[in-house]
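Asker:
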Amino acid sequence: MQSPTAQILIHMNVGANGPDTRTPPSTKTAIERRLLEMNDRRGSEIFEPVVGTDFDSCQEAYGFYNLYSWEHGFGIRRGRSRVNTNKYKLMHELVCQCAGKNDKENSSSCKIDCKAMVRLLRTKNHGWYVSMFVKEHNHRLSVGYDAKLQWNSHDFIDPVSFDFIKNLRSNNVSVGKVYSILCGAEWNSQAVPYRKQVLRTLCAKFSQDTIKDDLKKTMKLLQDMKMEDMNLKVEIGVDVECRVRTMLWVTGKNRQDYFHFGDVITFDTTYKTNLYNMPFALFVGVNNHFQSVIFGGALMREETEAAFNWLFKTFVALMNDKHPVTILTDQASAMKGAIEIALPNTKHRWCKWHVLRDVKGNIGHVYNKSSGFKKEFNKLVNDVMCVDEFESKWLSLVDRFSVSDNEYMVRLYDKRAMWAKPYFKGIFCAGMTSTQRSESANHMLKEEHTEVIPHARVCSPIQQIPRVKD
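If you count by the working numbering, then the sequence shown holds residues 21 to 490, one letter each, in order.
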């Protein structure tokens with residue numbers, strides 16, 4: 021029996037023509053209307069596609085029926101449709117994924133001639149309404165959430181969730197946090213009707229769709245900055261397909277500061293723009309008052325030896341070929357090779373901040389306050405000045421805490437000349453081996469970046485450089 025709503029939703033005649041969707045569209049989707057009617061529908065299915073349910077488009081109807089199918093444990097697909105002489109679609113069916121018959125023997129197809137379906141007809145204003153709903157299936161429905169996720173249609177993300185996810189990503193929310201928010205809204209991950217991989221794919225598409233526009237905005241921003249600072253220098257490295265690989269910029273003040281204070285620099289790529297996960301690198305030094313000064317910034321699509329080699333050579337060229345005496349970096353092997361080629365006369369050492377951070381990450385079970393290892397290791401790194409004393413205390417430390425055979429600690433010891441203070445004798449570091457230097461520069465940018473521009477697009481870090489107070 022038709023509902024009162026269905027009685028006024030009369031399908032178009034065979035000679036009709038018009039748009040694919042209802043005009044004007046409804047102010048609320050069918051899903052939103054059902055949620056608002058939840059209290060009035062006690063004892064009945066909230067998302068059941070009863071006869072008379074109307075939609076603005078076939079896509080909206082598909083999302084509605086798909087949500088119902090997910091709740092009940094079956095998949096759906098598009099079935100038959102009918103058009104008139106004007107190629108105007110008058111009828112469309114959404115069927116169970118098990119509908120139809122399989123013509124091939126020994127096939128893994130799930131088709132077993134299931135009759136469950138929804139038939140949609142046109143409304144007068146070019147929308148759609150449910151004219152027939154067959155609820156019964158001829159097969160067992162999935163009961164567990166794992167089984168539900170096998171159905172292809174459950175990879176579909178409805179328009180409401182689509183817009184919500186897109187808005188979160190445009191506001192610099194990571195994919196993991198987006199999924200957590202969706203799970204939190206439903207209390208658990210099993211209540212999210214699509215797999216996390218589907219979400220990753222969608223977010224990757226958002227990034228691809230927006231990065232071209234962002235690069236245009238970035239170039240426009242740099243042009244505007246150039247109007248205010250005629251000494252601004254920008255260099256862009258491209259790959260073989262002419263895609264932007266690396267972008268380096270230095271302001272007039274950056275160049276002036278480097279001329280006076282560029283003997284020692286730290287180079288840090290640990291900060292990443294969340295939307296594209298692109299490393300954002302800073303060249304940082306100190307002035308005569310031991311205050312941080314920024315010499316330039318770079319965005320990188322990849323952290324390869326070739327990319328670093330281009331970056332360091334280009335940076336020195338922009339600074340009138342003045343090579344730093346010392347450069348402090350993280351432990352990336354690709355960076356080491358690039359420095360040897362691009363800065364052959366520069367002393368390369370590891371920043372102590374990164375060493376301490378990586379020790380904690382690799383032997384966290386030992387590196388805690390209660391064990392005493394953290395305190396002893398920090399004393400070894402910060403206070404010991406003599407090579408013999410360092411060697412003796414290192415052996416004692418790793419033996420006492422049973423990490424002498426730990427693979428990471430063995431590698432760290434083999435590279436001790438890159439980070440241990442006793443091996444820095446004769447190397448000018450301007451006091452920048454301290455952990456606070458890199459940490460404060462990184463924190464300084466993050467604080468400005470989050471406060472001023474939360475989107476973290478490609479152009480955002482560039483906008484922050486003039487704001488960061490040296």
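The C-beta atom is built at its ideal place from N, Cα and C for all residues, glycine as well.
According to DSSP, what are the bridge partners of Phe75?
Answerer: Trp148
Asker: Buried or exposed, going by whether 16 or more other CB atoms sit within 10 Å of the CB of Ser101?
Answerer: exposed
Asker: Flag this pair as touching only if the segment 245 to 256 and the segment 268 to 279 have three or more C-beta atom pairs under 8 Å; answer yes or no.
Answerer: In the pairwise beta carbon analysis, the segment 245 to 256 is classified as touching the segment 268 to 279: at least three pairs are separated by under 8 Å.
Asker: CA-CA distance, Gly305 and Glu409?
Answerer: 30 Å
Asker: Mind checking Asn208: buried by the 16 CB within 10 Å criterion, or exposed?
Answerer: With a pLDDT of 46 at Asn208, under the threshold of 50, the modelled position of this residue cannot be trusted; read the value that follows with caution. Classification for Asn208: exposed.
Asker: Where does Arg420 land, buried or exposed, given buried means 16+ other C-beta within 10 angstroms?
Answerer: exposed
Asker: Indicate whether Asp350 and His374 have their beta-carbon atoms separated by less than 8 Å.
Answerer: yes
Asker: Pull the bridge partners of Leu141 from the DSSP assignment, please.
Answerer: Met111 and Tyr149
Asker: Using the three-state DSSP reduction, which class does Thr286 fall into: helix, strand or coil?
Answerer: strand
Asker: Considering only C-alpha positions, which residue in the set Leu141, Cys116, Ile51 and Val404 is nearest to Phe84?
Answerer: If we check each option's Cα against that of Phe84, Ile51 comes out closest.
Asker: Is Lys435 buried or exposed, if buried means 16 or more other CB atoms sit within 10 Å of its CB?
Answerer: exposed
Asker: With DSSP as the reference, please indicate the residues paired to Ala337 in a beta bridge.
Answerer: Bridge partners of Ala337: none, in fact.
Asker: Would you mind sorting Ser312 into buried or exposed? The rule is 16 or more other CB atoms within 10 Å of its CB.
Answerer: buried
Asker: From Val379, His112 and Leu222, pick the residue whose C-alpha is nearest to that of Ser4; which is it?
Answerer: Residue 4 lies beyond the stretch modelled for the chain, which goes from 21 to 490, so this question has no answer here.
Asker: Quick check: the Cα distance between Lys109 and Pro44, rounded to an integer number of angstroms?
Answerer: 18 Å
Asker: Ser162: buried (16+ other C-beta within 10 angstroms of its C-beta) or exposed?
Answerer: buried
Asker: Strictly by DSSP, which residues pair up with Ile256?
Answerer: Met267
Asker: Measure the CB-CB distance between Phe508 and Cys78 and report whether it falls below 8 Å.
Answerer: Given that the chain is displayed from residue 21 to residue 490, the structure contains no residue 508 and the question cannot be resolved.
Asker: Could one say the Cβ of Ser77 lies closer than 8 Å to chain C's Cβ atoms, at least one of them?
Answerer: No chain C appears in this structure, which consists of one protein chain only.
Asker: Quick one: is Gly317 buried, meaning 16 or more other Cβ sit within 10 Å of its Cβ, or exposed?
Answerer: That one is buried.
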